[in-house]
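Chains X and Y are the protein sequences, given in the same order. With the first sequence counted from 1, adding 4 to any position gets you our numbering. With the second sequence counted from 1, adding 17 to any position gets you our numbering.
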Amino acid sequence: GAGVSQTPSNKVTEKGKYVELRCDPISGHTALYWYRQSLGQGPEFLIYFQGTGAADDSGLPNDRFFAVRPEGSVSTLKIQRTERGDSAVYLCASSSPIGRSGANVLTFGAGSRLTVL
Amino acid sequence: GQNIDQPTEMTATEGAIVQINCTYQTSGFNGLFWYQQHAGEAPTFLSYNVLDGLEEKGRFSSFLSRSKGYSYLLLKELQMKDSASYLCAPREASGTYKYIFGTGTRLKVLA
Chain X
5 GAGVSQTPSN KVTEKGKYVE LRCDPISGHT ALYWYRQSLG QGPEFLIYFQ GTGAADDSGL
65 PNDRFFAVRP EGSVSTLKIQ RTERGDSAVY LCASSSPIGR SGANVLTFGA GSRLTVL
Chain Y
18 GQNIDQPTEM TATEGAIVQI NCTYQTSGFN GLFWYQQHAG EAPTFLSYNV LDGLEEKGRF
78 SSFLSRSKGY SYLLLKELQM KDSASYLCAP REASGTYKYI FGTGTRLKVL A
């Protein structure tokens, strides 16, 4: 697609429920990143994929959080047994190369705002 | 480990120049990015430095000193629409290449 698409844009759930957040990256972008952002803070790294595999999942806070990208395109972030502290905006970004350095510019989606009551 | 330090808030007047500093410590280094984030919106890319020196891009410039772990973003001829958070994001190079974001600097531009 033309941009990074995230659904749902807003999700309200109750403590203890299961939640899935979806990210559809820019077509052809091989790297996909998930971040979490709380009010007044910068984006906090969760996990990134290179193709289908998780290249770095060191930011996932605990085993309630899991992410997949089975076909190397769409990714789903899954949160089990949600807690009030999980409330945040979950941002997805995909990347394109820049210059000769190999560093990639991140293009972010609009985010999924999760509220756990 | 990683540590990124930026001022929390800055205020400047329309038409003025403002410099937002960022110091960082990362596990390896593969470039530093600056992003702009308006309230309630996603971050958008502003600039990128991988070598020491100044990169100029219209009203925005960014500087990098790798030996000092230091960067700044310079905004000239400030406009009201520049009121936003500015995020410093060095990219690590320690086996994986994740981007680590600072807490951001909230800039208020006053008329």
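Glycine is no exception: its CB is placed at the ideal position from the N, C-alpha and C atoms.
Contact check, residue i vs residue j, beta carbons under 9 Å
i: Y34 (chain X); j: Q54 (chain X); result: It is Thr, not Tyr, that sits at residue 34 (chain X) in the sequence shown. It is a contact, given that the beta carbons lie within the stated cut-off.
i: V109 (chain X); j: K19 (chain X); result: no
i: I21 (chain Y); j: T122 (chain Y); result: no
i: F112 (chain X); j: A101 (chain Y); result: no
i: T30 (chain Y); j: A128 (chain Y); result: yes
i: A97 (chain X); j: Q41 (chain X); result: no
i: S64 (chain Y); j: S79 (chain Y); result: yes
i: L104 (chain Y); j: P12 (chain X); result: no
i: E72 (chain Y); j: L81 (chain Y); result: yes
i: Y52 (chain Y); j: S88 (chain Y); result: no
Local Cβ density within 10 Å of residue i, reported as buried at 16 or more and exposed below that
i: S111 (chain Y); result: exposed
i: A6 (chain X); result: exposed
i: G70 (chain Y); result: exposed
i: Y22 (chain X); result: exposed
i: V67 (chain Y); result: buried
i: T25 (chain Y); result: exposed
i: L50 (chain X); result: buried
i: R88 (chain X); result: exposed
i: D67 (chain X); result: exposed
i: L7 (chain Y); result: Nothing can be reported for residue 7 (chain Y): it is not among the residues displayed for chain Y, which extend from 18 to 128.
i: R73 (chain X); result: buried
i: M97 (chain Y); result: exposed
i: V126 (chain Y); result: buried
i: Q84 (chain X); result: exposed
Neighbour list for residue i in chain X, Cβ cutoff strictly below 8 Å
i: Y116 (chain Y); result: Y37, F49 and L110
i: F62 (chain Y); result: V109, L110 and T111
Beta-carbon neighbours of residue i, restricted to chain X and to distances below 7 Å
i: L104 (chain Y); result: G46
Chain-ordered chain X contacts of residue i [CB-CB under 9 Å]
i: T113 (chain Y); result: Y52, Q54, A59, D60 and S62
Bridge partners - residue i, DSSP secondary structure assignment
i: R117 (chain X); result: X:N14 and X:V93
i: M171 (chain Y); result: For residue 171 (chain Y) there is no data in the structure shown, the boundaries of chain Y being 18 and 128.
i: A71 (chain X); result: X:L81
i: I37 (chain Y); result: Y:L90
i: I21 (chain Y); result: Y:Y41
i: L71 (chain Y); result: Y:F80
i: R108 (chain Y); result: Y:Y116
i: L131 (chain Y); result: Any question about residue 131 (chain Y) goes unanswered here, given that chain Y covers just 18 to 128.
i: D60 (chain X); result: X:Y52
Contact set between residue i and chain Y, taken where Cβ atoms lie within less than 8 Å
i: G115 (chain X); result: A59
Neighbouring residues, chain Y, relative to residue i (Cβ below 7 Å)
i: L118 (chain X); result: Simply none; closest approach about 15 Å.
Cross-chain neighbours of residue i in chain Y, by beta carbon under 9 Å
i: L95 (chain X); result: A59 and P60
When the Cβ atoms of the region 28–43 of chain X are set against those of the region 74–91 of chain X, are three or more pairs found closer than 8 Å?
Cβ pair count under 8 Å is three or more, so yes.
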